[in-house]
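As structure tokens, the structure follows; a few thoughts come after it.
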Amino acid sequence: MVTSGALPVVDLAPFFTGDASGMARATEAMHEACRTLGFFRAVNHGVPAELMASALELSASFFALPDEEKAKVRPAEGSQAPLAAGYGLHPAHLVDRYEYVRVCHPRHELNLYFPDEPAGFREAMEECYAKLTELGLLIQDILNDCMGQPPGFLRDFNSDRGLDVMVALRYFPSTEPEEKIGLSEHEDGSCISFVFQDGVGGLEVLKDGQWIPARRSPWRAASSST
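Position 182 of the sequence shown, counted from 1, bears residue number 182 in UniProt numbering, the numbering being contiguous throughout.
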């Protein structure tokens with residue numbers, strides 16, 4: 001059940017150990033969370049904690065570089081890529097003020113504008129991308145069962161991973177006490193989104209007019225499904 005002030009938790013460990021009764025409980029927990037809230041906290045999800053920590057630390061190191069260094073990995077002007085990989089800066093006059101590095105699927109060779117510094121950034125991001133893809137496919141299969149669909153239905157329906165993206169984001173700090181910046185209320189257009197955040201936090205989920213904070217616990221991924 002969804003409890004006030006907290007996201008429901010789904011323990012995915014049984015899917016890695018083969019515990020049939022545990023898988024049934026996790027499937028029911030995910031079904032309930034998606035039916036009532038659309039978000040849940042995934043634990044024991046198979047993405048190494050040290051990898052997630054490294055990706056966040058290296059992202060912070062990149063965003064700390066001088067602006068002229070970050071600008072070197074902006075996508076080329078006039079790029080025809082549907083979601084151009086590389087560095088981007090959201091326009092300063094908009095409410096949503098942030099900078100980002102977008103990573104696309106390696107098979108499309110779109111990750112041309114990837115920073116050389118800090119060392120290991122690309123490797124960590126692409127490994128995270130691969131691990132989160134595996135996790136997404138697992139959750140997709142669980143959701144397939146939640147929906148009562150034939151085995152493999154969602155995999156066949158949603159088989160193209162070409163437009164999957166991963167983004168490292170840095171939101172600019174407020175300069176005024178009442179200033180509200182970051183990322184405004186929205187709904188993702190994807191089927192499944194994973195979010196993991198640093199110690200600053202800030203992610204919230206809207207339920208029946210009430211904002212529920214997605215409080216950070218050590219390197220656990222919050223996931224949403226629509």
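Yeah, the Cβ is synthetic: ideal placement off N, Cα and C, and Gly gets one too.
{"Check": "Alpha carbon to alpha carbon, how far is residue 13 from residue 55?", "Outcome": "23 angstroms"}
{"Check": "Which value, in whole angstroms, describes the spacing of the CA atoms of residue 32 and residue 208?", "Outcome": "16 angstroms"}
{"Check": "Runs of 4 residues minimum, wholly inside the UniProt domain \"Non-haem dioxygenase N-terminal\" (7 to 88): which ones carry the alpha helix (DSSP H) assignment?", "Outcome": "14 to 17, 20 to 36, 49 to 63 and 67 to 71"}
{"Check": "In three-state terms, what does DSSP make of residue 130?", "Outcome": "helix"}
{"Check": "Which residues does DSSP pair with residue 147 in a beta bridge?", "Outcome": "Its beta-bridge partners do not exist; DSSP assigns none."}
{"Check": "Are the stretch 191 to 199 and the stretch 132 to 139 touching, with three or more C-beta to C-beta distances below 8 angstroms?", "Outcome": "yes"}
{"Check": "Ignore the nearest five residues each way along the sequence and tell me which others in residue 6's own chain have a CB closer than 6 angstroms to its CB.", "Outcome": "none"}
{"Check": "Which value, in whole angstroms, describes the spacing of the CA atoms of residue 27 and residue 88?", "Outcome": "38 angstroms"}
{"Check": "What number of angstroms, rounded off, separates the C-alpha of residue 157 from the C-alpha of residue 150?", "Outcome": "12 angstroms"}
{"Check": "DSSP three-state call for residue 173: helix, strand or coil?", "Outcome": "coil"}
{"Check": "Measuring only the C-alpha atoms, how far is residue 104 from residue 168?", "Outcome": "12 angstroms"}
{"Check": "Can you look up residue 137 in the DSSP assignment and give me helix, strand or coil?", "Outcome": "helix"}
{"Check": "Could you tell me how far apart the beta carbons of residue 98 and residue 183 are, in whole angstroms, since I believe they sit closer than 8 angstroms?", "Outcome": "7 angstroms"}
{"Check": "Here's the rule I'm using: 16 or more other beta-carbon atoms within 10 Å means buried, otherwise exposed. How should residue 161 be labelled?", "Outcome": "exposed"}
{"Check": "Secondary structure at residue 2, three-state DSSP: helix, strand or coil?", "Outcome": "Confidence is the limiting factor: at residue 2 the pLDDT is only 39, short of 50, which leaves the residue's position unreliable and the question unanswerable from this model."}
{"Check": "So, at 8 angstroms on beta carbons, what are the nonlocal neighbours of residue 218 in its own chain, with the 5 sequence-adjacent residues on each side left out?", "Outcome": "Low local confidence applies: a pLDDT of 48 at residue 218 is under 50, so the model's placement there is unreliable, and no value is given."}
{"Check": "Exposed or buried, which one is residue 213 when buried takes at least 16 other CB atoms within 10 Å?", "Outcome": "exposed"}
{"Check": "Leaving out the 5 sequence neighbours to the left and right, which residues in its chain are closer than 7 angstroms to residue 57 when beta-carbon positions are compared?", "Outcome": "none"}
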